[in-house]
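Participant:
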Amino acid sequence: MKQIALVTGAAGGLGKQICEILAEKGFQIVALDLMETNALKQNLKSLGDSLELAIGGVDFSKPETIIESLGSFLPNKEWTVLVNNAGVSVGGKLLDGSLAHWNLMMNVNLTAPFVLSQAFAKNSQENNIKGSIVNISSMVGVIGAKKPGYAASKAGLLGLTKAIAMQAGPNIRCNAIYPGAMDTPMTADWDAETRKKIEAGTPIGRIADPREIAQIVAFLADDQQSSYLTGAVINATGGQYLGQ
Numbered sequence: 007m008k009q010i011a012l013v014t015g016a017a018g019g020l021g022k023q024i025c026e027i028l029a030e031k032g033f034q035i036v037a038l039d040l041m042e043t044n045a046l047k048q049n050l051k052s053l054g055d056s057l058e059l060a061i062g063g064v065d066f067s068k069p070e071t072i073i074e075s076l077g078s079f080l081p082n083k084e085w086t087v088l089v090n091n092a093g094v095s096v097g098g099k100l101l102d103g104s105l106a107h108w109n110l111m112m113n114v115n116l117t118a119p120f121v122l123s124q125a126f127a128k129n130s131q132e133n134n135i136k137g138s139i140v141n142i143s144s145m146v147g148v149i150g151a152k153k154p155g156y157a158a159s160k161a162g163l164l165g166l167t168k169a170i171a172m173q174a175g176p177n178i179r180c181n182a183i184y185p186g187a188m189d190t191p192m193t194a195d196w197d198a199e200t201r202k203k204i205e206a207g208t209p210i211g212r213i214a215d216p217r218e219i220a221q222i223v224a225f226l227a228d229d230q231q232s233s234y235l236t237g238a239v240i241n242a243t244g245g246q247y248l249g250q
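So the sequence shown is numbered by my numbering: it starts at 7 and just counts up by one.
Shown next as structure tokens:
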């Protein structure tokens, strides 16, 4: 039986690397993204025949529509991995942040993973299959940040991870990763001084290549390699905030 991994935010810097590495490990990929479907297929053409399905135009800010977007994909006896990777960071600090920005980040970063995880758990139970959920949080979910909505949503995702792990076993394992700074389009506009400061404050001496984070996702997705891990939160920051 083939194994299918559903990856959200599949077109982004980290999402694409997750798709590619899981494909290398033998998974068929179902890619979900806000990007339009044809553009998404083009973006992921490196996957070749490993791209099982590309579903574009998915608005993660409207979680109630996500399951509808999956259409005939559900129920599916081959869906064994869910990677909740889609995320957004917008808005300002406490005194100038808007409720609209708060709701957007909560919906994309926290409610959408809940909705998909619930569907995944139901599918696993109905089909009696084992599976793995991997949630991509952030360092700011642990140490905080000056964007309240982003920090709260990513901290909430860590709590959700543990709640799922407690209730979805033994068939489903649920774990989270919190990366620090990564070399993705989101950090491409950093000026040299900002990048140098962050690298200097990281014991590893550099920011992460997204492929390094994707390798951890693949480890957690593999029921042979990480079969006794659930409810775990993996620090993948390069030691960025140690001593702070």
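A virtual CB, placed ideally from N, CA and C, is assigned to each residue, including glycine.
With distance defined between alpha-carbon atoms, name the residue in L88, G63, F79 and N82 nearest to L1.
Facilitator: Lying before the first or after the last residue shown, residue 1 is absent from the chain, which here runs from 7 to 250.
Participant: Buried or exposed: which applies to L20, given that a residue is buried once 16 or more other Cβ atoms fall within 10 Å of its Cβ?
Facilitator: L20 should be labelled buried.
Participant: What span of residues does the alpha helix (DSSP H) with I222 cover, start to end?
Facilitator: First-last of the alpha helix (DSSP H) with I222: P216 to A227.
Participant: To the nearest angstrom, how far is it from the Cα of I72 to the Cα of Q9?
Facilitator: Distance between the alpha carbons of I72 and Q9: 21 Å.
Participant: In its own chain, which residues sit with a C-beta less than 6 Å from the C-beta of N177, not counting the 5 before and 5 after it?
Facilitator: Taken in chain order, the residues that qualify are S130 and K136.
Participant: In angstroms with no decimal places, state the Cα-to-Cα distance between V64 and M7.
Facilitator: Distance between the alpha carbons of V64 and M7 is about 28 Å.
Participant: What did DSSP end up calling Q23 once you bin it into helix, strand or coil?
Facilitator: Q23: helix per DSSP, three-state reduction.
Participant: Using alpha carbons as the reference points, say which of D215, A37, K83 and G245 lies closest to P209.
Facilitator: When only C-alpha atoms are compared, the closest one is G245.
Participant: Taking the alpha-carbon of D228 as reference, which of E58, P119, K22 and C180 has the nearest alpha-carbon?
Facilitator: The shortest Cα separation from D228 among E58, P119, K22 and C180 belongs to C180.
Participant: Is it the case that the Cβ atoms of E96 and L110 are separated by a distance below 8 Å?
Facilitator: Just to set this straight, residue 96 is Val in the shown sequence, not Glu. Yes; because the gap between Cβ atoms is below 8 Å, this pair is in contact.
Participant: Specify the secondary structure class of V96 as computed by DSSP and reduced to three states.
Facilitator: Correct three-state label for V96: coil.
Participant: Please name the residue, chosen from E74, K68 and A29, that lies closest to E58 on a Cα-to-Cα basis.
Facilitator: Answer by Cα proximity: A29.
Participant: Starting from S138 and walking both ways along the alpha helix (DSSP H), at which residues does that stretch end?
Facilitator: Run containing S138: none in the alpha helix (DSSP H); it sits in the beta strand (DSSP E), G137 to I142.
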